[in-house]
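**Q**
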Amino acid sequence: MDKPEATIPEDAYSAIQALVELGTKDFDALVDALSKAKPAIDPSDFCKHLSEQSPQIKFSVIASILDELFRMEVARESWNLPVPEFAKHLADAALEEASEEFPITPESRDVLEARLSRIFESRKALSLTAKALSIVTDQPHLFYSAKLLSDIRPVFNESGKSIDAMVILHNLRIHYGDGEEHKDFVVTLDRRDIKKLRSVLERAEQKAETLRAFLKLSQTEYLDVED
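In structure tokens form, the structure reads like this:
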């Protein structure tokens, strides 16, 4: 079977360069952290764990490298290549893309191949986190954040010259992802609506606790987000 065509996008240059330029001790520490890390459903949690185990490396460097490793793992799964062949394929592609902005030399190309081989040979936690991320984000709409704005609305008399009563309303603004777009949805709630919404969320938490207990009994690994 022909090898898939590999290209290195410009937004990957800095991460790959950072991986190549890591000192030997720092790279060994990163690989050790990757081999000991627990998989997570949230990449930021996984990155936090790695940073705690290799504090000598800047968090921003770990985050940049890890983000690119997640993308590489998705490609590796798709291409179904053995790790040594996959590492060589990417290293060759990096050398072909060498430029002033991406100064990969034959020597640094060899470093990249060796380092990718080591990383992906001990990739279990990385692979599970990448797969979990793919499952979680492969949805039509993703929740990002929410904000509740409360206000008092006057009820005027028939002539509009006096206020006979007031009502309290709450506007719940949900910020979500729709494909690659960010959108907002606003819904107005009263006190009864808030009570219903709270009940639904509490039931969701209870169902999650029940499922966690079931998974624990079945000895199935469960990935969760940190509070």
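Each residue of the sequence shown is one higher than the one before, starting from 68 at the first, in this note's numbering. We put the CB at the ideal spot given by N, CA and C, even for glycine.
Touch check for the segment 235-242 and the segment 215-224: three-plus C-beta pairs under 8 Å?
**A** Between the segment 235-242 and the segment 215-224 there are three or more C-beta pairs closer than 8 Å, enough to call the two in contact.
**Q** For HIS208, count the other beta carbons within 10 Å of its own beta carbon; 16 or more makes it buried, fewer makes it exposed. Which is it?
**A** Exposed, by the Cβ-count rule.
**Q** In angstroms with no decimal places, state the Cα-to-Cα distance between GLU288 and LEU282.
**A** 7 Å
**Q** Thinking C-alpha only, which one of PRO110, ILE219, LYS191 and ASN147 is nearest ASP99?
**A** LYS191
**Q** Can the beta-carbon of HIS116 be found closer than 8 Å to that of LYS105?
**A** yes
**Q** For my contact list, SER81 and SER121 are in at a C-beta cut-off of 8 Å; report their separation, rounded to the angstrom.
**A** That belief does not hold up - the Cβ atoms of SER81 and SER121 are roughly 19 Å apart, past 8 Å.
**Q** I'd like the list of long-range same chain contacts for PHE94, defined as Cβ closer than 7 Å, with 5 residues on each side in sequence excluded.
**A** ARG182
**Q** Based on Cα-Cα distance, which residue from LEU86, LEU97, ALA232 and ILE75 lies nearest to SER189?
**A** LEU97
**Q** With a threshold of 8 Å on Cβ separation, who are the neighbours of PRO151 within its own chain once the five nearest residues in sequence on each side are excluded?
**A** SER184
**Q** For PRO110 versus LEU133, is the C-beta distance shorter than 8 Å?
**A** yes
**Q** Can you look up PRO221 in the DSSP assignment and give me helix, strand or coil?
**A** strand
**Q** From the DSSP output, in three-state form, read off SER145 for me.
**A** In the structure shown, SER145 sits in a helix (DSSP, three-state: H, G or I).
**Q** Let me make sure I understand the geometry here. Which of LEU179, LEU290 and LEU278 has the alpha-carbon closest to that of THR91?
**A** LEU179
**Q** Would you kindly work out how many angstroms separate the C-alpha atoms of LEU129 and LEU195, rounded to a whole number?
**A** Inspection of the sequence shows that residue 129 is occupied by Ile rather than by Leu. Straight-line Cα distance between these residues: approximately 18 Å.
**Q** Among residues of its own chain, excluding the 5 on either side of HIS249, which ones have a beta-carbon nearer than 6 Å to its beta-carbon?
**A** If we look at HIS249 and ignore the five residues flanking it on each side, it has no Cβ neighbours.
**Q** Within a Cβ cutoff of 6 Å, which residues of the same chain sit near VAL222, ignoring the five residues on either side of it in sequence?
**A** ASP231 and ALA232
**Q** When the Cα atoms are used, what is the spatial distance from LEU136 to THR255?
**A** Their Cα atoms are separated by approximately 42 Å.
**Q** Sorted by chain position, which residues of the same chain lie with C-beta nearer than 7 Å to MET68's C-beta, five sequence neighbours on each side aside?
**A** Any reading at MET68 must be qualified, since the residue scores a pLDDT of 48, below 50, and its modelled position is unreliable; no value is offered.
**Q** Does SER285 come out as helix, strand or coil in the three-state DSSP assignment?
**A** coil
**Q** Tell me whether ALA213 sits in a helix, a strand or coil according to DSSP, three-state version.
**A** strand
**Q** For ILE132, would you say it is in contact with chain B, using Cβ-to-Cβ distances shorter than 8 Å as the test?
**A** As a matter of chain content, chain B is missing from the structure shown, which is built from one protein chain.
**Q** Measuring CB to CB, does ARG176 end up less than 8 Å from ALA158?
**A** yes
**Q** State the beta-bridge partners of VAL254 as determined by DSSP.
**A** According to DSSP, VAL254 bridges with LEU239.
**Q** Tell me the residue span of the alpha helix (DSSP H) that contains SER118.
**A** 110-120
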